[in-house]
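Chains A and B, in that order, are what the protein sequence lines are.
Take this note's numbering: the last position of the first sequence gets the number 461, and nothing is skipped along the way.
Take this note's numbering: the last position of the second sequence gets the number 1461, and nothing is skipped along the way.
Written below as structure tokens is the structure these notes are about.
There are 2 protein chains.
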Amino acid sequence: MTTYPDKAIKYINENYRKYIDILKKLVEIPTVSATNTKEMMDCASLLSSILKEQGARVEVKSFGGHPLVLGEIGSGSNSIVIYNHYDVQPPEPLESWDTPPFELTMRDGKLYGRGASDNKGNIAARLGALDAVLPFIDELGLRIKFVFEGEEEVGSPTFPKAVEEKSDFLVAQGGIWETGYVGRDGRLGITLGFKGMLYIEIIFRGAARDTHSGNAPLVPNPAWDLVRMLTHLKDAMGRILVPGFHEGIKSEFLEDAEKLIEDLDPKRLIELKKDLQIEHFVGGLEGIDAFKALMTMPSLNICGLYAGYTGKGAKTVIPSYAGVKIDIRPVPGQDPNMILENLKRYLKDLGFGHAEVNIHSMYPAGYTKPGEKVVEASIKAAERVYGVPPVVTPLSGGSGPIYLFTDVLKVPMTGAGVGYYGSRSHAPNENIRVEDFINGMKHVALLLIEYASMLNEAESD
Amino acid sequence: MTTYPDKAIKYINENYRKYIDILKKLVEIPTVSATNTKEMMDCASLLSSILKEQGARVEVKSFGGHPLVLGEIGSGSNSIVIYNHYDVQPPEPLESWDTPPFELTMRDGKLYGRGASDNKGNIAARLGALDAVLPFIDELGLRIKFVFEGEEEVGSPTFPKAVEEKSDFLVAQGGIWETGYVGRDGRLGITLGFKGMLYIEIIFRGAARDTHSGNAPLVPNPAWDLVRMLTHLKDAMGRILVPGFHEGIKSEFLEDAEKLIEDLDPKRLIELKKDLQIEHFVGGLEGIDAFKALMTMPSLNICGLYAGYTGKGAKTVIPSYAGVKIDIRPVPGQDPNMILENLKRYLKDLGFGHAEVNIHSMYPAGYTKPGEKVVEASIKAAERVYGVPPVVTPLSGGSGPIYLFTDVLKVPMTGAGVGYYGSRSHAPNENIRVEDFINGMKHVALLLIEYASMLNEAESD
């Protein structure tokens, strides 16, 4: 059995170009879930036919939105579910791309294109990992379940329903989540959980239409309401002022998280500041405190602000409406619905009860305890592939509906992925390094082998 | 001489269609000064050739920006300067127009098109008025000077220079300003002055680029700075908090204004509320207090607010910059430069010294004293044409560089115009009523006759 990793690595070294070709085909389909429809089915069909070629039993099904691709291969008792999504963020602003976003372009050892990192590169790498372990999948007793979602970038609106209806299929002993990034120190980042998401839009309305601003002494301008309301959400030190905002956090999660945070290298924070050209973090946070804020605390952010004339030059107008897009990210133990209710009550108490509050997406956080076997297998596989131990973080600052696995289906999850610190996910010139693509493929293959071995050993104990 | 008005009215009744045709040609040239160049010269040439046909001595000249059209006709000692502008506001949002903005369309007795009211309709009507008085211009001792600007909608950046260089040409005994609107009560509004303008854009900057908002606990978001700064400019009652903001107002202006305001009909305020579907004015203002705020106090307004993602749906981002467009309108006696300096100092004292403050336009207010002959002539002409006395207001809530005449050249000015309460200037479906177009033409013709007669009488006294 010890030869399996060597065989898998040999296969990948000899065949990785095949999966770059698959990635090329995936990137060429503009699966922007926010705006496109036909392209979603095209991509789901492509993924279905690839999985079928590999010998998988495949189902493509819509649960009211863009189709979900479900594929299963192997029939052993060591089941593992692999979650990814084939939809991507809009490519705009187009003028900021050096090459067309929907054309995979190789340059300086890097592959550029929308979805190269988030999340098509990972899909292609997982498909390569599958081929690498296929020859001994039965010996390992593996049953691998793929689930490719088409709505992750729009908040996974129908995925909870899919998980409910397909729980028998999706439940497994362990799972691999969608992403992983290599840091500047060459170490793979393995994240044990993701924050939740409460994305809302708050709108204030004034006169029936935009009005000449000569009337400003008389006609109410909703932009003033908006800015006043927002200053009640956060103070100048970055402290969030919504009552109960920090309540409900799972103490077990905090304990686990604090232990992991102790091992993190503060150099990462210095690099982040340098990369973004900022002098200080919010509220002057540094070191452990900064990691704690990022990885254990809920966040509240202004994603977008709009009112009136925002084009070039000057236009004199009293806007008839003014709005803000806000993302709130709860941490494990917190109920996003309770945060929303607290926020609404707070707005009402402050005299902003006339504000419209629209919800774009809402789901809780989810995380896996550090000692889980699938995490151990992931760490061990990463050590071998990357030559250095991975950086294990308790919770990403970002969000994903991982709770559907960790909390609903009770499947422990580990991260793995082909991105790196410069991947520019969601931004122009999204890219991955070819080296990371190959390593990410190897990592998943070895993770599968290692995890199956662990489960087999545990059984024989 | 008493037959002159009758003759002028007869001419206009028989020939007004000719000037609708001229308006049609003017509207067809998209003279959007904010974005267009070639069209500006096309329109200036058209105006020049019309004036020449009428017998005027014409000069078309650029003072660094869009060309100015200067025309003079008559050689008497009773000089009057007529100011208008041939540039227009951008037509956007295009989808809100029922007919194309750059096509003059007649519907239900109304003429629709960008510039129909502001300000091409007035230009065409003034050209008609000129033809109506041409036969007896010498007997009246009139010398009429036209000045058509091409940059009013972008804050008249080079007009001060033009006025300086052309002061000998532009100086006159009296003048007619660009606009006038008929109210719901059928009375022409004559405005004796306009507020000034200080249009600024304040921008806060954060990270070098937009960043994934998972980093919100650490990466500063300039939108928070922006909203906090704005709440220091105005309180919840609409009171402006910038130190010294209400200082410097000319007491003579306030005395004149208060007398005129006493005669205003509060029904106008009720109609404004109804039209805009608002329940209350800012700070609960009503009646005389509302008129005073509108017509004697400086204003400060948010014209536009922008940060991050403002499109449909959700995008999770920390914006790298956030900005606001603000128009400040000083009243007579106030120095916009001093207001700007006070504002900058205030921002610095509040800890917002890092904000960028960009200036789009800056000029002071200007007004004419109620007893001036040109105002009396305008009132008398309006009484005859509209059958009811005009509504004389001390100062428009809106702005215009009228100070260049009233304060720099010392020319008393009066308003006159073809608009009405439903003209939707600066908005989609801008329009005038044909009836007002004809009456506006008659009003200017009779004003010219009346004013010349007054001056001749004064001389013979």
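The beta-carbon is built from N, C-alpha and C at its ideal position, and this holds for glycine as well.
Nearest to residue i (by Cα), restricted to the options the options
| i | options | result |
| --- | --- | --- |
| residue 102 of chain A | A/136, A/39, A/388, A/149 | A/39 |
| residue 192 of chain A | A/451, A/394, A/416 | A/394 |
| residue 1016 of chain B | B/1177, B/1236, B/1439, B/1376 | B/1439 |
| residue 1014 of chain B | B/1449, B/1441, B/1264 | B/1441 |
| residue 1381 of chain B | B/1443, B/1254, B/1179 | B/1443 |
| residue 52 of chain A | A/113, A/25, A/127, A/95 | A/127 |
| residue 1215 of chain B | B/1316, B/1122, B/1348, B/1424 | B/1316 |
| residue 240 of chain A | A/219, A/171, A/185, A/299 | A/299 |
| residue 1370 of chain B | B/1255, B/1245, B/1047, B/1133 | B/1255 |
| residue 334 of chain A | A/373, A/218, A/297, A/54 | A/297 |
| residue 155 of chain A | A/460, A/196, A/185 | A/196 |
| residue 1288 of chain B | B/1266, B/1175, B/1275 | B/1266 |
| residue 429 of chain A | A/55, A/65, A/75, A/118 | A/118 |
CB contact check: residue i to chain B, cutoff 9 Å
| i | result |
| --- | --- |
| residue 246 of chain A | no |
| residue 275 of chain A | yes |
| residue 66 of chain A | no |
| residue 293 of chain A | yes |
| residue 231 of chain A | yes |
| residue 297 of chain A | yes |
| residue 155 of chain A | yes |
| residue 394 of chain A | no |
| residue 427 of chain A | yes |
| residue 302 of chain A | yes |
| residue 1 of chain A | Because the pLDDT at residue 1 of chain A is just 47, under 50, the model does not fix this residue reliably, and the value given afterwards should be weighed accordingly. Not closer than 9 Å to any Cβ of chain B, the Cβ of residue 1 of chain A fails to qualify, so no. |
| residue 122 of chain A | no |
Own chain, CB closer than 8 Å to residue i, minus 5 neighbours either side, in chain order
| i | result |
| --- | --- |
| residue 209 of chain A | 320 |
| residue 10 of chain A | none |
| residue 78 of chain A | 140, 141, 142, 143, 173, 451, 452, 455, 456 |
Residue i at chain A interface by Cβ criterion, 9 Å
| i | result |
| --- | --- |
| residue 1087 of chain B | no |
| residue 1047 of chain B | no |
| residue 1224 of chain B | yes |
| residue 1454 of chain B | no |
| residue 1464 of chain B | Missing from the structure shown is residue 1464 of chain B; chain B here goes from 1001 to 1461 and no further. |
| residue 1039 of chain B | no |
| residue 1310 of chain B | yes |
| residue 1443 of chain B | no |
| residue 1211 of chain B | yes |
Residues near residue i in its chain [Cβ-Cβ closer than 7 Å; skip 5 each side]
| i | result |
| --- | --- |
| residue 1433 of chain B | 1109, 1110, 1420 |
| residue 181 of chain A | 189, 417, 419, 420, 421, 423 |
| residue 1449 of chain B | 1004, 1005, 1008, 1133, 1140 |
| residue 378 of chain A | 190, 414, 416, 447 |
| residue 125 of chain A | 19, 418, 437, 440, 441, 444 |
| residue 1367 of chain B | 1192, 1193, 1253, 1332, 1394, 1395, 1406 |
| residue 1 of chain A | Note that residue 1 of chain A scores a pLDDT of 47, beneath 50, so its modelled location is shaky and nothing firm can be said. |
Cβ neighbours of residue i in the same chain (closer than 6 Å, five flanking residues each side left out)
| i | result |
| --- | --- |
| residue 358 of chain A | 201 |
| residue 43 of chain A | 29, 31, 86 |
| residue 283 of chain A | 237, 238 |
| residue 1069 of chain B | 1044, 1047, 1048, 1060, 1148 |
| residue 223 of chain A | 307, 319, 322 |
Residue i CB to nearest heavy atom of the ligand HEM below 8 Å
| i | result |
| --- | --- |
| residue 1008 of chain B | The ligand content of the structure shown is nil, which means the ligand HEM is not present either. |
Proximity below 9 Å, CB of residue i to CB of residue j
| i | j | result |
| --- | --- | --- |
| residue 1115 of chain B | residue 1086 of chain B | yes |
| residue 1398 of chain B | residue 1268 of chain B | no |
| residue 252 of chain A | residue 146 of chain A | no |
| residue 403 of chain A | residue 364 of chain A | yes |
| residue 305 of chain A | residue 1227 of chain B | yes |
| residue 1360 of chain B | residue 1204 of chain B | no |
| residue 1458 of chain B | residue 1373 of chain B | yes |
| residue 67 of chain A | residue 186 of chain A | no |
Beta-carbon separation (whole angstroms), residue i vs residue j, contact threshold 8 Å
| i | j | result |
| --- | --- | --- |
| residue 242 of chain A | residue 342 of chain A | 6 Å |
| residue 135 of chain A | residue 446 of chain A | About 15 Å separates the two Cβ atoms, so there is no contact after all. |
| residue 153 of chain A | residue 63 of chain A | Not really, about 17 Å apart at Cβ, beyond 8 Å. |
| residue 302 of chain A | residue 324 of chain A | 6 Å |
| residue 261 of chain A | residue 292 of chain A | 6 Å |
| residue 218 of chain A | residue 340 of chain A | At roughly 35 Å, the Cβ-Cβ gap does not stay under 8 Å, so residue 218 of chain A and residue 340 of chain A are not in contact. |
Chain E residues whose Cβ lies nearer than 8 Å to that of residue i
| i | result |
| --- | --- |
| residue 1169 of chain B | Of the chains in the structure shown, none is chain E; the protein chains are A and B. |
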